[in-house]
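In what follows, a structure is listed as structure tokens, so that the remarks can point back to it.
Number of protein chains: 2
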Amino acid sequence: MKVIELKKTVTASNDRDAEILRDELSKKGILLINLMSAAGSGKTTLLSRTITDLAGRVKIGVMEADIASDVDAKKINALGAESIQVHTDGMCHMDAGMTRQGLENMEKNGLQAVFLENIGNLICPAEFDTGAHRNVMILSVPEGDDKPLKYPLMFKKSDVLVITKKDAAPYFDFDFEAAKRRALALNPSIKIFPVSAKTGEGMDEWEKWLISETEKHCNA
Amino acid sequence: MKVIELKKTVTASNDRDAEILRDELSKKGILLINLMSAAGSGKTTLLSRTITDLAGRVKIGVMEADIASDVDAKKINALGAESIQVHTDGMCHMDAGMTRQGLENMEKNGLQAVFLENIGNLICPAEFDTGAHRNVMILSVPEGDDKPLKYPLMFKKSDVLVITKKDAAPYFDFDFEAAKRRALALNPSIKIFPVSAKTGEGMDEWEKWLISETEKHCNA
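Take a look at the structure:
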């Protein structure tokens, strides 16, 4: 498993770089998904369960972006999935140039879907197009149902909201209906999947969406 | 309760601005504490409980910094404590100039301790001196014990680590000893208080520290 120290990319237009990367990946039949959330919301746990559940059906690779450490990439690697760890030199987001550097160092043979696990926070990652085909965000139950009010851009930019740690709901005052209503007010077309990667509850719907996106993409 | 839209500050040296602000506050006998954490880790809940517990003993004010919304400042205000909401124009941190703008708009009569509740993430806030006398960070149990490995700077810069949501420990695989060991490896002098603001467990030790810092500061 590789650890790559990314260099800052200085280009005229990140939006244009992102479009070019997206097109290249489309031509190769690889679906790139940008996964964003606060630190500790369960991105790696959701991916681990998804990879295990879909083994033999969707070949998934993961690019783990962090400031430091390689604990997440090691967890994914232990599942037998292709993974790479990238470090962002202190930056709180990934952009298209950085994503390209990571992908160039990844073994992509046969991969159908690559998740970019972005840096853990609800602010900067929402501001940069990474070249991904889909943006998916996680809100975990312990974080609270008021997050759409505080971090509106992240909810506006995401195609999917996965609400994780549903099994912990008895321990927290999390109002699922309020969270959904607030997210939909910002983004009426956002798809919402409440799940527990621990018990498996709700994973079916999320995985159906992922399979459908992968198939659409490969047949396009 | 006021909501202030902060302007970006452009100065030669944030570090110097921070020193000047810190000195001014010291002369007024006001202790400024910079409270940092990921989104949803329970900063406002910890402060609410602390304000209630210490009513009549320490007069606390709160500056709530967010990208959007005023839900946190309203919660603090409802407890009868002085609070102000500041918005950072999309920025993921507070600096000394922004902190000064917020303080200038705050009613400071009789306040002994002011908490700056920084923007919710474990990255950018650690990079800027706000002018605070003490840095306190929160790590909540649901976020996981691996966070010191991923966000080392935040742990290095903090005088105190409060581990919150201890009551939820039965629901999560959080190794308290591992978290402490990792934090202390980065910062041997960091003080660690595991608490539950919900049940009150451990709040005593944290509040004793706060009282002691306030007294030291006022007598200095």
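Order-wise, the sequence lines are chains A and B.
Letter by letter, the first sequence follows residues 39 to 258 of this note's numbering.
Letter by letter, the second sequence follows residues 39 to 258 of this note's numbering.
Just so it is clear, CB atoms sit at the ideal spot from N, CA and C, and this is done for glycine as well.
Note that the coordinates shown come from a computational prediction; the quantities given were computed from them, not determined experimentally.
| Query | Result |
| --- | --- |
| Interface residues of chain A facing Gly182(B) [CB-CB closer than 7 Å] | Gly78 |
| Residues near Thr49(A) in its chain [Cβ-Cβ closer than 7 Å; skip 5 each side] | Asp55, Gly135 |
| Supposed contact pair Ala103(B) and Glu159(B) - C-beta distance, whole angstroms, cut 8 Å | Inspection of the sequence shows that residue 159(B) is occupied by Asn rather than by Glu. Wrong, their Cβ atoms sit about 11 Å apart, outside the cutoff. |
| Met144(A) in three-state terms, based on DSSP | coil |
| 9 Å Cβ cutoff met for Ala151(A) and His125(A) | no |
| Interface flag, Gly240(B) vs chain A, CB-CB below 9 Å | no |
| Residues of the segment 171-202 of chain B with Cβ closer than 7 Å to any Cβ of chain A, in chain order | Ser178, Pro180, Glu181, Gly182, Asp184, Lys185, Leu187, Lys188, Tyr189, Pro190 |
| Min CB distance Cys256(A) to chain B below 9 Å | no |
| Presumed contact (8 Å Cβ cut-off) between Lys262(A) and Thr82(A), rounded CB distance | The structure shown does not extend to residue 262(A), since chain A is modelled only from 39 through 258, so no value can be given for it. |
| Counted within 10 angstroms of its Cβ, other Cβ atoms place Ala93(A) as buried (16 or more) or exposed | exposed |
| Chain B contact for Ile157(A) (CB, 9 Å cutoff) | yes |
| Sub-9 Å separation of Ile176(A) and Leu199(A) beta-carbons | yes |
| Environment of Ile58(A) [buried if 16+ CB atoms lie within 10 Å] | exposed |
| 9 Å Cβ cutoff, Val233(B) in contact with chain A | no |
| Buried versus exposed call for Asn147(B) [16 or more other C-beta atoms within 10 Å across all chains shown] | exposed |
| Closer than 9 Å to chain B by CB, Leu63(A) | no |
| 9 Å Cβ cutoff, Ile230(B) in contact with chain A | no |
| As assigned by DSSP and simplified to three states, the class of Lys204(B) | helix |
| Interface residues of chain A facing Leu160(B) [CB-CB closer than 8 Å] | Ala77, Gly158, Asn159 |
| Bridge-paired residues (DSSP) for Ala229(B) | Residue identity differs from the one stated: residue 229(B) is Lys in this sequence, not Ala. Looking at the DSSP assignment, Lys229(B) forms a beta bridge with Val198(B). |
| Amino acids of chain B, ordered along the chain, whose beta-carbon sits closer than 7 Å to that of Ser107(A) | Leu187, Lys188 |
| Where Asp104(A) meets chain B, residues with beta-carbon distance less than 8 Å | Lys188 |
| Expected contact under 8 Å - CB spacing of Ala170(B) and Asn72(B) to nearest Å | 4 Å |
| Beta-carbon proximity list for Arg95(B), same chain, < 8 Å, skipping 5 on both sides | Ile249 |
| Segment contact, 8 Å Cβ cut-off, at least three pairs: the segment 183-195 of chain B with the segment 238-249 of chain B | no |
| Glu245(B) - DSSP class collapsed to helix/strand/coil | helix |
| Proximity winner among Ser51(A), Asp211(A), Asn156(A), Met144(A), relative to Leu85(A) (alpha-carbon distances) | Asn156(A) |
| Under 9 Å between C-beta atoms of Val233(B) and Phe210(B) | no |
| Neighbourhood of Lys204(A) by C-beta, 7 Å cutoff - its chain only, sequence neighbours within 5 removed | Val179, Pro232, Val233, Ser234, Glu239, Gly240 |
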